[in-house]
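Chains as they are written, first to last, in our numbering: chain A, 9 to 127; chain B, 743 to 1064.
Heads up, the beta-carbon is just placed ideally off N, CA and C, and yes, glycines get one too.
Remarks on the structure that follows.
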């Protein structure tokens, strides 16, 4: 009994270490496949983007939803993406296919800024 | 003003014996009965409930005009589901003035979403005003999606650059400025280099005694930069106006009346004809402020301005819609 227990524990540990030491590129491939459908959301509320910094995997589609009574926009600082004006409850989505840091702001209320970090 | 205190002019250009240094900063939240007078007469401001206290002579100048602002036609949220109705009320108020104004200034956010039908509705409502000439400058809500192209086509036929222009009425030089385009992340309202150069040229040959009225949407002084209530290069524009004895700056954007004097420059913001916004820093954000329906019209308003030739002073009357 004790022996079986030990074998079991060993097996679990071995499996865990295998999973942990799996080659990074393999994990990457898996996540990229999953990311065909990966999504994330940014809420626009009270003249701010939440979360202000969002970190996602490559391939993720990010959707911004405006919950304010005032229209806003989502405009990349370096031109990567630009929404039309979003009135209350309107949405804008963009799929990030390349890793990098994507600062953006509301071109109507430029004090509103945010960032998407794609890894 | 974003240039800070160094731009303050300590000398009183109207020679009325009042040292304006530091003070002459008066905030009037329209409709709350706030009442602001500067003796010696650069500006007088009354809310509607105090109009009876106004010296009738002050209402009769060589020139009077009315400023309206922030109509946000198309807005239909709880803060005001009837922005057409409140704009009409403003027009009724204008038409009830004892001295018909020569013209109207609209300091932007005519529309809420830059839709053609929103502009059409405002134009239609303003046709009923006693003053037929309306001079517009754009708000950020008027230039959505097209960098102001539609605005320019509708209202900027005689404008320069992206919509700025000047005109003269009875010895007063008016300058309509655009500070809602090309806004940069994290920044404030922007005039831009081209417009600054134009301002310098436009006033170069004017006599120093010429009264100047500047109107633009976003305040040309730092009302509350955390909420974007200021213009980052306004100090440069105001530097070109330093030589003039009387400069009045009329703005909108913040949906409440506020006044301030720095040296020879008097700054005013007008109330919105559509919905009120909170006082600087008094809420999480500058979004529309919902007030009880019976109070709404007392917080919305128009601003009437009278100019008395020879005195180089403009009297401003803030009037609520109640």
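Selected residue, minimal CA-CA separation from residue 996 of chain B, among B/988, B/1005, B/961, B/874: Residue 996 of chain B sits at position 254 when you count from the first residue of the second chain. It is B/961.
DSSP-derived helix/strand/coil call for residue 49 of chain A: For the purposes of this step, residue 49 of chain A is taken as the residue at position 41 of the first chain. Correct three-state label for residue 49 of chain A: strand.
Contact residues within the segment 918–940 of chain B, judged by C-beta distance below 8 Å to chain A: Of all residues in the segment 918–940 of chain B, 925, 926, 927, 928, 929, 930 have a Cβ within less than 8 Å of some Cβ in chain A.
Reduced DSSP category for residue 871 of chain B - H, G, I as helix; E, B as strand; rest coil: The sequence position of residue 871 of chain B within the second chain is 129, counting from 1. Reduced to three states, the DSSP call for residue 871 of chain B is coil.
Start-end ranges of the alpha helix (DSSP H) lying completely within the segment 965–1038 of chain B, minimum 4 residues: Here the runs fully enclosed are 976–982.
With 16 other Cβ atoms within 10 Å as the buried cut-off, status of residue 105 of chain A: What you label residue 105 of chain A is simply residue 97 of the first chain in a count that begins at 1. In the assembly as shown, residue 105 of chain A is an exposed residue. Its beta-carbon has fewer than 16 other beta-carbons within 10 Å.
Nearest to residue 860 of chain B (by Cα), restricted to the options B/827, B/824, B/816: As a position in the second chain, residue 860 of chain B is number 118, starting the count at 1. The candidate whose alpha carbon is nearest that of residue 860 of chain B is B/816.
Limits of the unbroken beta strand (DSSP E) element including residue 894 of chain B: Your numbering for residue 894 of chain B matches position 152 in the second chain. Per DSSP, residue 894 of chain B belongs to no beta strand (DSSP E); it is in the alpha helix (DSSP H), 891–897.
For residue 922 of chain B, the residue or residues it bridges with in DSSP: The sequence position of residue 922 of chain B within the second chain is 180, counting from 1. DSSP lists B/932 as partners of residue 922 of chain B.
Cβ shell of residue 965 of chain B (< 8 Å), same chain only, five flanking positions each side left out: The residue you call residue 965 of chain B lines up with position 223 of the second chain. Closer than 8 Å at Cβ, skipping near neighbours: 971, 972, 996, 1000, 1011, 1022.
When B/841, B/900, B/1007, B/1032 are compared against residue 1019 of chain B, the one with the closest alpha-carbon: Here residue 1019 of chain B refers to the residue found at position 277 of the second chain. Sorting B/841, B/900, B/1007, B/1032 by C-alpha distance to the C-alpha of residue 1019 of chain B places B/1032 at the top.
Per-residue burial, residue 38 of chain A [other beta carbons within 10 Å of its own, 16 or more giving buried]: As a working mapping, residue 38 of chain A is identified with position 30 in the first chain. Below a pLDDT of 50, predicted positions are generally treated as unreliable, and residue 38 of chain A, at 38, falls in that range; no measurement from the model is reported.
Residues that residue 962 of chain B contacts on chain A, provided the C-beta gap is smaller than 7 Å: The residue you call residue 962 of chain B lines up with position 220 of the second chain. Listed along the chain, the chain A residues whose CB falls inside 7 Å of the CB of residue 962 of chain B amount to none; the nearest CB is some 17 Å away.
Classification of residue 91 of chain A by the beta-carbon crowding that lies within 10 angstroms, buried from 16 upward: Translated into the one-based positions of the first chain, residue 91 of chain A becomes position 83. With 16 or more neighbouring CB atoms inside 10 Å of its own CB, residue 91 of chain A falls in the buried class.
Delimiting residues of the beta strand (DSSP E) encompassing residue 911 of chain B: Translated into positions along the second chain, residue 911 of chain B becomes position 169. Annotation for residue 911 of chain B: the continuous beta strand (DSSP E) segment containing it runs 907–911.
Among A/126, A/75, A/74, the one whose alpha carbon lies nearest that of residue 103 of chain A: Translated into the one-based positions of the first chain, residue 103 of chain A becomes position 95. Out of A/126, A/75, A/74, the CA that lies nearest to the CA of residue 103 of chain A is found in A/126.
Neighbouring residues, chain A, relative to residue 805 of chain B (Cβ below 8 Å): Locating residue 805 of chain B in the second chain gives position 63, counting from the first residue. Within chain A, not a single residue places a beta-carbon under 8 Å from that of residue 805 of chain B; the smallest gap is close to 34 Å.
Cβ separation of residue 920 of chain B and residue 904 of chain B, assumed to be a contact under 8 Å, to the nearest whole Å: Position 178 of the second chain holds residue 920 of chain B. Position 162 of the second chain holds residue 904 of chain B. At roughly 5 Å, the Cβ-Cβ gap stays under 8 Å, so residue 920 of chain B and residue 904 of chain B are in contact.
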